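**Student:** Here UniProt numbering is used: position 214 in the sequence shown is 214, and no number is missing along the way.
Glycine included, every Cβ here is placed at the ideal spot set by N, Cα and C.
Only a predicted model underlies this, so the values are computations on that prediction, with no experimental measurement involved.
The structure under discussion is supplied below as structure tokens; questions concerning it will follow.
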Amino acid sequence: MRSIWKGSIGFGLVNIPIKLYSAVQNSSLGMDMLDSRDHSRIRYQRINEKTRKEVPYDKIVKGYPINDGYVVLEDKDFEDASPAKSKIIEIENFVDIDEVNPMFYETSYYSEPETQGRKAYALLMKALQKSKKAGLARFVLRSTENLCVIHPVDNVIVVTKIRFAEEIRSSEDILSPSDINVSKKELDMGLALISQYSSKFEINKFKDEYSHELMKIIQAKAKGKRPTIKKLKPQKAAGDDLYEQLMQSLNTRKGA
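This is how it looks when you write it as structure tokens:
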């Protein structure tokens, strides 16, 4: 892996020199768009919607729509708004990791200590593990200020970017059935079903089956063949009785 950021974690008056590495990768297959007639790759052009002519890259500016027009921004405007370049992930406070709503999570990075910071790194990691806390911090990546949580995973300190509060939309316009009456026996059956399906979180049991099956098709077609595809069997409707649906679900799980 190649490091994407070098700097340090600020822990009180202690600076821990680190490198960041991307901890995630995309499992979907990369596809190119082709012309079906000759399989040439499709290229996109920047077209002026009025003249329908291609616009040279050096003639393109960015604008923010206001009312019926645009406020055009210059390079200096972006520079003035950019956060001060800092190579420190400054921990501002510590929080219970369970208090962080999963909706805030974006992407994660592994941190690796430089030689001179290994002891301080080990101290912070063990302190986070012992306290079951996570550091809440800000840092600048690609000229953008980011909010993050710093937490230990398998003896590595992980920096996970999280969204700012204003990036989460309100749910007030979502219709919720909270006022619908649910009987005690239905609720008890729902809890029993949850209990029956409960297990330890083992993410390795879940694979990207779609990409796997698609790759089998690609490999077969490359050899001029077509693989046998497993068809899903349609399930019979369980009726409209919620309690009966729950009962059938429990019985089906027991027989699995």
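1. With C-beta atoms as the reference, is ILE97 less than 9 Å away from VAL149?
2. Using DSSP's beta-bridge definition, name the partner residues of TYR105.
3. Using 8 Å for Cβ pairs, my map puts TYR21 next to TYR105. What's the rounded Cβ distance?
4. When DSSP builds the beta bridges, which residues end up paired with ASN93?
5. State the Cα-Cα distance for the pair LYS161 and PRO152, rounded to the nearest angstrom.
6. Taking the alpha-carbon of LYS132 as reference, which of GLU99, ARG52, SER198 has the nearest alpha-carbon?
7. Given this structure, state the Cα-to-Cα distance separating VAL14 from VAL182, to the nearest angstrom.
8. With distances taken from CA atoms, which of LYS50, SER170, PHE78 is nearest LYS61?
9. Just how far apart, CA to CA, sit GLY7 and LYS19?
10. Go through the stretch 163–231 residue by residue and report every complete run of the alpha helix (DSSP H) that reaches 4 residues or more, in order.
11. I'd like to know whether the C-beta atoms of residue 286 and LEU250 end up nearer to each other than 9 Å.
12. With the cut-off set at 9 Å, would you say ILE157 and LEU128 are in Cβ contact?
13. Note down the Cα distance separating ILE89 from GLY117, rounded to an integer number of angstroms.
14. Quick check: the Cα distance between LEU73 and LYS200, rounded to an integer number of angstroms?
15. Can you look up VAL30 in the DSSP assignment and give me helix, strand or coil?
16. Taking just the CA atoms, how far does GLY10 sit from GLU112?
17. Give the C-beta separation of VAL71 and TYR64 to the nearest angstrom, bearing in mind that I take them to be a contact with Cβ-Cβ under 8 Å.
18. Counting C-beta neighbours from all protein chains within 10 Å, is the total for ASN155 16 or more, i.e. buried, or is it exposed?
19. Grouping DSSP H, G and I as helix and E and B as strand, with all else coil, what is LYS130?
20. Return the CA-CA distance between SER170 and ASN101, expressed in angstroms with no decimal places.
21. Excluding five sequence neighbours on each side, which residues of the same chain lie with their C-beta closer than 8 Å to the C-beta of LEU34?
22. I'd like the span of the alpha helix (DSSP H) that includes GLU79, first residue to last.
**Tutor:** Result, derived from the coordinates:
1. Looking up residue 97 in the sequence shown gives position 97. Looking up residue 149 in the sequence shown gives position 149. The Cβ atoms of ILE97 and VAL149 sit closer than 9 Å to each other.
2. Residue mapping note: residue 105 aligns to position 105 of the sequence shown, counting from 1. Looking at the DSSP assignment, TYR105 forms a beta bridge with ILE162.
3. Counting from one through the sequence shown, the residue named residue 21 turns up at place 21. Counting from one through the sequence shown, the residue named residue 105 turns up at place 105. With 8 Å as the limit, TYR21 and TYR105 do not qualify as a contact, their Cβ atoms being about 18 Å apart.
4. For the purposes of this step, residue 93 is taken as residue 93 along the sequence shown, with counting starting at 1. Per the DSSP secondary-structure output, ASN93 pairs in a beta bridge with LEU136.
5. Taking the sequence shown and counting its residues from 1, one reaches residue 161 at position 161. Taking the sequence shown and counting its residues from 1, one reaches residue 152 at position 152. Here the C-alpha atom of LYS161 lies approximately 14 Å from the C-alpha atom of PRO152.
6. As a first step, residue 132 must be located in the sequence shown, where it is residue number 132. Nearest C-alpha to LYS132 among GLU99, ARG52, SER198: GLU99.
7. Mapped onto the sequence shown, residue 14 falls at position 14. Mapped onto the sequence shown, residue 182 falls at position 182. Roughly 54 Å separates the two Cα atoms.
8. Counting from 1 along the sequence shown, the entry for residue 61 is found at position 61. The amino acid at residue 61 is misidentified as Lys; the sequence shows Val. With respect to the C-alpha of VAL61, the residue from LYS50, SER170, PHE78 having the closest C-alpha is PHE78.
9. What you label residue 7 is simply residue 7 of the sequence shown in a count that begins at 1. What you label residue 19 is simply residue 19 of the sequence shown in a count that begins at 1. Answer to the nearest angstrom: the Cα atoms are 6 Å apart.
10. Those alpha helix (DSSP H) runs which fall completely within the stretch 163–231 and span 4+ residues are 184–197, 209–222.
11. Look at the range of the chain in this structure, 1 to 256, and you will see that residue 286 is not part of it.
12. Along the sequence shown, one-based indexing puts residue 157 at 157. Along the sequence shown, one-based indexing puts residue 128 at 128. Contact: yes.
13. For this step, residue 89 is matched to residue 89 along the sequence shown. For this step, residue 117 is matched to residue 117 along the sequence shown. Their backbone Cα atoms lie some 14 Å apart in a straight line.
14. Your numbering for residue 73 matches position 73 in the sequence shown. Your numbering for residue 200 matches position 200 in the sequence shown. Going from the Cα of LEU73 to the Cα of LYS200 covers about 51 Å.
15. Against the sequence shown, residue 30 aligns to sequence position 30. Before going further, note that residue 30 is Gly rather than Val in the sequence given. DSSP places GLY30 in the coil class of the three-state scheme, outside both helix and strand.
16. Locating residue 112 in the sequence shown gives position 112, where the first residue counts as 1. Locating residue 10 in the sequence shown gives position 10, where the first residue counts as 1. Their backbone Cα atoms lie some 14 Å apart in a straight line.
17. Translated into positions along the sequence shown, residue 71 becomes position 71. Translated into positions along the sequence shown, residue 64 becomes position 64. At roughly 5 Å, the Cβ-Cβ gap stays under 8 Å, so VAL71 and TYR64 are in contact.
18. Locating residue 155 in the sequence shown gives position 155, where the first residue counts as 1. It counts as exposed.
19. Walking along the sequence shown from the start, residue 130 turns up at place 130. Correct three-state label for LYS130: helix.
20. Along the sequence shown, read from residue 1 onward, the residue named residue 170 stands at position 170. Along the sequence shown, read from residue 1 onward, the residue named residue 101 stands at position 101. One C-alpha to the other measures close to 14 Å.
21. Numbered from its first residue, the sequence shown carries residue 34 at position 34. So the list reads SER40, ARG41, ILE42, once near-sequence residues are dropped.
22. Within the sequence shown, residue 79 is the residue found at index 79, counting from 1. Note, GLU79: alpha helix (DSSP H), 75–81.
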